[in-house]
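Position one of the sequence shown corresponds to residue 12 (the working numbering), numbered consecutively onward.
Contents: one structure, followed by commentary.
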Amino acid sequence: PRAETAPDGGLRIGGTGAGALLELRHSTLGETVAVPLPVPVAGQGPSPPSEGRFTAVLAPPPREGDWEVFLDDRPVRVGAALAALLPVHAPGTRFHLDRRHGDRLTVHCAPALDDAERSAYHQRLLRTAHHPAQKRLPLRDAVLYAGDAGGTAAGSLRAVHAELVRRSTDAEHLWVTDGTPGAATRVPATAVPVVAYSSAWYEALARARRIVAAGQ
Numbered sequence: 012p013r014a015e016t017a018p019d020g021g022l023r024i025g026g027t028g029a030g031a032l033l034e035l036r037h038s039t040l041g042e043t044v045a046v047p048l049p050v051p052v053a054g055q056g057p058s059p060p061s062e063g064r065f066t067a068v069l070a071p072p073p074r075e076g077d078w079e080v081f082l083d084d085r086p087v088r089v090g091a092a093l094a095a096l097l098p099v100h101a102p103g104t105r106f107h108l109d110r111r112h113g114d115r116l117t118v119h120c121a122p123a124l125d126d127a128e129r130s131a132y133h134q135r136l137l138r139t140a141h142h143p144a145q146k147r148l149p150l151r152d153a154v155l156y157a158g159d160a161g162g163t164a165a166g167s168l169r170a171v172h173a174e175l176v177r178r179s180t181d182a183e184h185l186w187v188t189d190g191t192p193g194a195a196t197r198v199p200a201t202a203v204p205v206v207a208y209s210s211a212w213y214e215a216l217a218r219a220r221r222i223v224a225a226g227q
């Protein structure tokens, strides 16, 4: 296989082997994600499956962990040329291509918070020391939006955000996400994503002048 970054922030892979179904399979959860394979047009685009080649663009998987790449139930294996280039990272994202079990092509998706920040000890420090310390500082001219889980409530949250942006206030707009891969892509372009339970989240809770919660 070959691998390179794609213009939209994903990773483009290609290789030999005809197949109709490309999948990512989580190594421990058993979850699978189908990856679209482009339909070739005569004289354009990638080689058709009959010529024994495939190409696809991988987007960030929905969960952290290792996702093995399968083509028609067969693991996609890494040749020597690609192995020398691994890992291949997608700029600005938390996922990259690597290999496991010797030569199996794998997508690794890192957690939103690093090990230190996720630890019970560090979370306790954030709650009992960092958050109170931030509350003693002046408020920031910021709006924190929380509770975007989809549905009508999320639509109301976005409507409030759109109205505040329309008023052209100078406030900073912060949008809480759960940190799952791709979550930032659902954040309005006029807001900054903040991962829940990160140090930035605790700071925003303490210092944002306004907090807008879905459903309230």
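A virtual CB, placed ideally from N, CA and C, is assigned to each residue, including glycine.
Here the structure is a predicted model, which is why all the values come from computation and not from measurement.
Among P73, A207 and A144, which residue has its Cα nearest to the Cα of E128?
-> Distance check between E128 and each of P73, A207 and A144 places A207 closest, using alpha-carbon atoms only.
Give the secondary structure of R151 by DSSP, where H, G and I count as helix, E and B as strand, and everything else as coil.
-> Strand at R151.
Please confirm if the segment 72 to 79 is in contact with the segment 115 to 123, defined as three or more CB-CB distances below 8 Å between the two stretches.
-> The segment 115 to 123 and the segment 72 to 79 touch, with three or more beta-carbon pairs separated by less than 8 Å.
Pick from I24, H184 and A217: whose alpha carbon is nearest that of L6?
-> Since the first residue of the chain shown is 12 and the last is 227, residue 6 is not available in this structure.
What residue ranges within the segment 94 to 157 form continuous beta strand (DSSP E) runs of no fewer than 3 residues, ordered along the chain?
-> Qualifying beta strand (DSSP E) stretches, in chain order: 106 to 111, 115 to 120 and 151 to 157.
Own chain residues within Cβ distance below 7 Å of S209, not counting five before or after | Cβ within range, chain order: L124 and E128.
Helix, strand or coil at V206 [DSSP, three-state] = V206 carries a strand assignment under DSSP once its states are collapsed to helix, strand and coil.
Inter-residue Cα distance where the pair is G90 and R220 = Using only the alpha carbons, I get a separation of about 54 Å.
Below 9 Å between beta carbons: does that hold for Y156 and W186?
-> Between Y156 and W186, the C-beta spacing is below 9 Å.
Whose C-beta lies closer than 7 Å to the C-beta of A211 among residues of the same chain, with five residues either side of it excluded?
-> Counting only Cβ-Cβ distances below 7 Å, and skipping sequence neighbours, we find V205.
Coil, strand or helix - V68 by DSSP = Reduced to three states, the DSSP call for V68 is strand.
What's the gap between the Cα of L168 and the Cα of A224?
-> Rounded to whole angstroms, L168 to A224 spans 7 Å at the Cα level.
Distance, Cα to Cα, L136 vs R218?
-> Distance between the alpha carbons of L136 and R218: 17 Å.
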